[in-house]
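Asks: Before we start, here is the structure in question, set down as structure tokens.
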Amino acid sequence: MFRSLSRSVGFGWGRCIAIFGAILLVLVCYSTMPHAIMTQPQHSRYTHDSYLSISTRIALPYMDRHSEKQMSSSSSDLLRKQAKDENCQPKTLSFLTYKPRYRTALLSFPGSGNTWVRHLIQELTGYYTGSIYRDTSLAQNGFPGETVPVRHSTKYCIVYKSHQATKKTLRIFSKALIILRNPLNAIKAYFNYEFSSKIQKEFGQILDVTDSEGGNMTSYNKHLNHADPSLYHTTKWRSYVDDRLRRWRTKNIFWLQNFKQNCTIVLYESLKRNCSSELLRIGRFLGIRVKPKDVWCTIVNREGQFHRPPTNKTTSSVVSLITPNQREEIRKSVCEVSRVARKLDIDLDISQYLVGLLEKKDTVC
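The numbering of the sequence shown is UniProt numbering, which starts it at 1 and goes up by one.
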């Protein structure tokens, strides 16, 4: 074939081979470069794509660039109009229709919004989220995948909640979505969970329940209640901050070091401030086809059933509830987590957690 081609167009054998090689090189470059760029997440230079072959990456059903541009340029008015036009209703959930190649953990320090993020993922994808804890109150209130074993042979969830930070409990997971929240706010939320006293439900109804040591508090109530404000002026609260801050630091460092390039990080604060962009990142990481309608309707239905109602406006700010030494320890913990992320070449900016914390404005990591 090449001999007849070279005679008809006057090319020599060498020139034909050179042209054929150039065409092959272009095809190889095209099959690798664009897709690696499109799947790169905002907060991590490494993704789960390091597991995948080139041919698998090409087939992943991520949102196209036109849809992302459409989402990024949407105003709040457009979101409301689109949601009304689409008649957004809560998703009908199901287990994954296929056996996933990798199990994905949804990791966070308690009080960082794990249950809320699970709700968002379910609304975004239409798939159940699971857990290692099997909390029946959650299973009965919006999370049917809660009690399904992680290793179930036919029922698969899109992610599995865990607060654990040991190799034994995490070895069944190949990827991780890590939720980070300001440590002080997370610790206060966890304190509310562990020392809940009462809940104000819809229409102002007050439901009296026992404290967390009384044995009658349901998990559903504990997710929604507040601790008695007087506890924040006791040694119980101060020692609680010291202990939980150490755990916040060690858990997040462990997760970063354990999953390295196979994780992505979502900041709780970014999810509240710029929900649509963060939902797109989550969808890309999970390898789910995300349409603009999915994002719009998730935002419309983002509240869920486990949002702890805010306290009254006269409540002291959380920073005023800790000592100067504890503020410094929080700074050290935030900076240590940031340093570990940089060493692992993970792009993580949590300097916002230092704003309003320290008296010296120029004190940073």
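All residues carry an ideal CB built from backbone N, CA and C; glycine is no exception. Quantities reported herein were computed from a predicted structural model and do not represent experimental measurements.
Nearest to Phe-173 by CA position, among Ala-139, Asn-185, Gly-145 and Trp-255, is which residue?
Replies: When only C-alpha atoms are compared, the closest one is Trp-255.
Asks: To which residues of the same chain is Ile-187 closer than 8 Å at the C-beta, ignoring the five residues directly before and after it?
Replies: Gly-111, Tyr-240, Val-241, Arg-244, Leu-245 and Trp-248
Asks: Quick check: the Cα distance between His-35 and Gly-283, rounded to an integer number of angstroms?
Replies: Because His-35 sits at a pLDDT of 34, beneath the cut-off of 50, its placement in the model cannot be relied upon, and the point is left open.
Asks: Determine the direct distance from the alpha carbon of Thr-104 to that of Ser-276, and round the result to whole angstroms.
Replies: Spanning the two alpha carbons is a distance of roughly 21 Å.
Asks: When you compare only the Cα positions, how much space is there between Ile-179 and Val-337?
Replies: 13 Å
Asks: Just how far apart, CA to CA, sit Ala-341 and Lys-236?
Replies: 32 Å
Asks: Any idea if His-233 is buried or exposed, counting beta-carbon neighbours within 10 angstroms, 16 or more meaning buried?
Replies: exposed
Asks: Hey, residue 366 and Pro-144 are a contact pair by Cβ (cut 8 Å); roughly how many whole angstroms apart?
Replies: As displayed, the chain neither begins before 1 nor continues past 365, which places residue 366 out of reach and without an answer.
Asks: The alpha helix (DSSP H) with Tyr-240 in it runs from where to where?
Replies: Tyr-240 -> alpha helix (DSSP H) spans 235-259.
Asks: Who are the Cβ neighbours of Glu-123 in its own chain at under 6 Å, not counting the five residues just before and after it?
Replies: Lys-91, Thr-298 and Asn-301
Asks: Return the chain-ordered list of same chain residues with a C-beta closer than 8 Å to the C-beta of Arg-331, the five sequence neighbours on each side being excluded.
Replies: Leu-354, Leu-357, Leu-358, Thr-363 and Cys-365
Asks: For the alpha helix (DSSP H) holding Tyr-268, just list the boundary residues, first then last.
Replies: 268-273
Asks: Between Ile-282 and chain D, is there a C-beta pair that is closer than 8 Å?
Replies: Here chain D cannot be found, since the structure has a single protein chain.
Asks: Taking just the CA atoms, how far does Thr-115 sit from Ser-108?
Replies: 10 Å
Asks: May I ask which residues mark the beginning and end of the alpha helix (DSSP H) holding Lys-188?
Replies: 183-194
Asks: Run through DSSP, which three-state label would Ile-346 get?
Replies: coil
Asks: Strictly by DSSP, which residues pair up with Cys-263?
Replies: Ala-176
Asks: Could you round the C-beta distance between Val-334 and Pro-183 to whole angstroms and report it? I think they count as a contact, below 8 Å.
Replies: 7 Å
Asks: Are the beta-carbon atoms belonging to Thr-129 and Cys-157 less than 8 Å from one another?
Replies: yes
Asks: DSSP three-state label for Lys-91, please.
Replies: coil
Asks: Looking at the unbroken alpha helix (DSSP H) that takes in residue 367, where does it start and where does it end?
Replies: Nothing in the structure corresponds to residue 367, since the chain is present only between 1 and 365.
Asks: Can you give me the start and stop residues for the beta strand (DSSP E) that Leu-106 sits inside?
Replies: 104-108
Asks: Measure the alpha-carbon distance for Ser-317 versus Leu-96 and round it to whole angstroms.
Replies: 43 Å
Asks: Starting from Lys-161 and walking both ways along the beta strand (DSSP E), at which residues does that stretch end?
Replies: Taken as a continuous stretch (DSSP letters only), the beta strand (DSSP E) holding Lys-161 covers 160-162.
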